[in-house]
Every structure is written in structure tokens, then in C-alpha cells.
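Data first, discussion second: the structure below is written as C-alpha cells.
Numbering (our numbering), first residue to last: 2 to 363.
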């Protein structure tokens, strides 16, 4: 077995492997590397474990997508995968996992990174939680596990799903409908309205916004696998979201709403519209994304019936405090910076935001 970089024209074999693997997520698809590279210019390294025995023509026994993000302000890191919830190693056997991990570390040393981050939905099988050794005596750190994936199993129809909700939740869904709010689900034709709400919400949160080009490239790469949802009140967009359909699971990756319309509960209609749409389309799971247990977004997702599943983020070159990642220096002035950002005119925030956001892997 050997580890090498994926060559040009082999992305088809990569995605075939990803679709076959039971632990794959949408974040493992090759197209994300193109999206990130074309949007922000980051270098990508797609590692494959190759084993052509037993008549395996392509010979893929494992994959590991990596993106190199280098910034004077935010550090020098290899991430699998930035801007998304998941990623990391995907392999048929422990041997391939170990070799891919070793190669990632070798690559990191060559690139001079201070940190390698793998975002797993499952624990690496050959670690014991205390940090064990890989095949070249490489220490594997204890995973960071304070975040969870919120996953809802879907029934055969949206009618059954609605009936399963508690009466309070059903009333919360009906409220925006009674107020005259209307939901629409579509594709790239909704992108302008989507980004308007998204960018305002990010500014109001004090957070640099992603480039609109990111979403344009997502549609260019993935097409009908991506859907946008818009909730309107008197023709004004009040809440928006983006979902990605992968195998039998749909994940909502980005969602935003305008605080001036919070009293109308547009988010409740947005999420219900997505759930109704994907359930009746035959998908079996809805992924609400990551949350911290017992915080606000966790409780919001839990009320829909979503169950928590521990996430395993493996990082090297970090400091931890009480099991949580501590990014030394980066958070020192965070709250003050957020306050200033919230006061910024939207046009300036949208101009400067992508220049900063491109270097923040979260």
C-alpha cells in the first residue's frame, strides 16, 4: 500500500470511493476542494491510500482531503475540512488510516504548519483516548469532543413528521404562517436574496462574512444537490438557509435570519419548510449541524427531535483548557472586534469580510 496525492482527472474515482464508504460525509466530496481553491485561493492536498491487490482497478483504500490555510493573523494550518462541519480520514482499514495520518503529518512538516485538524464524526479506531502511536511513532492527540452533531431521523412523510412534534412546536410553526410569511425553496436563482440576509446577519453578529463567490462556486460545482430556502414577509426576505443533499442525508450548512423580524419567528417556518421538502423527497436523515450541548442552538435543534452524536476533532499544535480548544491570542480581542464590526456599514463589511473570513477555518 502506498500514499500519494490524487492526480488531475482522478476526481471521479475519489467521489466513487466517497459514495461507497458508509462513514463518508458531503465534506469528503472532491468538489469542495475546487470550491475553496477557486473562491479563496487556498492550496488543497487530496491524499489517497492506494492498494491495487484483489483486482481493485482504481485501488483506493482510503482518502484524506486537506486544505492549507496560511495567515499571519490566524496561523498556518492544514484542515479537513475548513468552513464545514466534518471531514478527516476515510479508509477501509486501520493500516490505511495510519498511513494517511502519517503522510498528513509529513506534509504538515514540509509546509511548516503549526496545526493539523481532522474533523471526524467517529473516533479514530486505533487511538485509546489518551494519545496512542501511529505507524511511524507519531503521537495522535486526544480528540476534542465538546461539540455534537444534531441528527434527526425522518419518517416516510412530512405529515407523519409534523404529527410527531409536540403541540408547542406545531404552534410555533403555524405562527409565521398565520402572520403571512411564505417559504420558497429553489436553486441559484435565489442566491441574491439569500446572500443579502446572510451578510446582514453576519454583520449584526460581528462576524466577517463569506464571499458571495463561495456560494456561486458551490452551485457551479454541485448544482441540484444544493437548495436554498427563503422565508418572506410582504416580499421582504426575513430568513434564509442552504441545504446540501448527500446520499440519504440532508445537512443545513448555513442559515440566517434578520433580527428585526424575530418576533414573526421566520426561522421556524424556514426549518419546517426544509424538513417538509426533504422528507417528502425520500431522504432519511436531516443534519442540523454542530452545536455545543445545552446552549441555545442545541436546544433549538433538540426541539425538532434531533439527537446528539459526539464529534471527534483531532488537532496537533493546540492548547486546551477543560477539554476545549484554546486559540491563544486569537480570542484576546474578539469581543471588542465584534462590537466594532457590528457598527460597520454593510457595504464595507461585505468588502472586508471575505478578506478575513477566508483565513478562519471554522
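No residue lacks a Cβ here, since even glycine has one placed at the ideal position from N, Cα and C.
This structure is a prediction, so every number in the text was calculated from the model and none was measured.
Rounded to whole angstroms, residue 173 and residue 269 show a C-alpha spacing of 7 Å. The stretch 109–127 makes contact with the stretch 72–83: 3 or more CB pairs, one atom from each, lie closer than 8 Å. For residue 304, there is no enclosing alpha helix (DSSP H), as DSSP marks it with neither H nor E.
Look at residue 264 here: in three-state DSSP terms it is helix. For the pair residue 266 and residue 246, the CB atoms are not nearer than the 9 Å cut-off.
Sequence-distant partners of residue 180 (beyond 5 residues in either direction) whose C-beta falls short of 6 Å from its own C-beta, in its chain, are 265. Closest in alpha carbon position to residue 187, among 208, 177, 271, 152, is 271. Our two residues, residue 126 and residue 168, have alpha carbons roughly 42 Å apart in a direct line.
Between residue 25 and residue 63, the CB-CB gap reaches or exceeds 9 Å. For residue 145, there is no enclosing alpha helix (DSSP H), as DSSP marks it with neither H nor E.
Taken through DSSP and simplified to helix, strand or coil, residue 295 comes out as coil. Sequence-distant partners of residue 345 (beyond 5 residues in either direction) whose C-beta falls short of 7 Å from its own C-beta, in its chain, are 204.
For residue 79, the enclosing beta strand (DSSP E) begins and ends at 76–81. At least 9 Å separates the beta-carbon of residue 194 from that of residue 253. In the DSSP secondary-structure assignment, residue 117 is bridged to 79, 317. Excluding its 5 nearest sequence neighbours in each direction, residue 262 has C-beta neighbours in its own chain below 7 Å: 234, 239, listed in chain order. Burial is judged here by how many other beta carbons sit within 10 angstroms of a residue's own beta carbon; residue 30 has at least 16 and is buried.
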